[in-house]
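Asker: Before I ask anything, let me first share the structure, which is written out below as structure tokens.
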């Protein structure tokens, strides 16, 4: 039986991981930037321009949203530290998406490098 770590390592051998230093350019060239973390993680802070499609519903969203049916879309995905995004990229590849890249190190590496993060403003109740 495989552990999740082994599954992630195996997935990473089958996908394209974009190094952090190339990630901003990859995002600029992308048709869509997808954050596959859970909604609460996304709302705590995400990469500017990212759309939240949690890992647990990714395949369903890709299948049921007409805007995402083009398998030639250039997509960049990320998660917390690149485990979920590796599994997501592998699943997307299996679904026929041909231009999917996962950001190496995820948002943790992005933040450690001092790159911008969007944090939603809390409403002012004063």
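In this note's numbering, the protein residues as written are 16 to 141. No residue lacks a Cβ here, since even glycine has one placed at the ideal position from N, Cα and C. Note that the coordinates shown come from a computational prediction; the quantities given were computed from them, not determined experimentally.
Taking C-alpha atoms, which residue in 79, 101, 16, 85 lies nearest to residue 92?
Answerer: It is 101 whose Cα lies nearest to the Cα of residue 92.
Asker: For residue 115, report the span of its beta strand (DSSP E) as first-last.
Answerer: Looking at the DSSP string, the run of the beta strand (DSSP E) that includes residue 115 is 114–118.
Asker: Report buried or exposed for residue 17, applying the criterion of at least 16 other Cβ atoms within 10 angstroms of its Cβ.
Answerer: Exposed, because fewer than 16 other Cβ atoms sit within 10 Å of the Cβ of residue 17.
Asker: If you draw a straight line from the C-alpha of residue 53 to the C-alpha of residue 68, how long is it?
Answerer: Their Cα atoms are separated by approximately 8 Å.
Asker: Where does residue 66 fall in DSSP's three states?
Answerer: Residue state, collapsed to three classes: strand.
Asker: So, with DSSP's three-state summary, where would you put residue 21?
Answerer: The answer is helix: DSSP assigns residue 21 an H, G or I state.
Asker: Mind checking whether residue 42 and residue 64 have CB atoms under 8 Å apart?
Answerer: Closer than 8 Å, so yes.
Asker: Do the CB positions of residue 51 and residue 90 come within less than 8 Å of each other?
Answerer: No, these two residues do not count as a Cβ contact at 8 Å.
Asker: Would residue 71 pass as a contact of residue 96 if the rule is Cβ separation under 8 Å?
Answerer: For residue 71 and residue 96, no; Cβs fall outside 8 Å.
Asker: If we ignore side chains and look at the alpha-carbon of each, how far apart do residue 23 and residue 113 end up?
Answerer: Each residue's Cα considered, the two are about 19 Å apart.
Asker: What span of residues does the beta strand (DSSP E) with residue 32 cover, start to end?
Answerer: That run of the beta strand (DSSP E) goes 31–33.
Asker: Can you give the beta carbon distance from residue 47 to residue 74, rounded, assuming they're within the 8 Å contact cut?
Answerer: Not really, about 15 Å apart at Cβ, beyond 8 Å.
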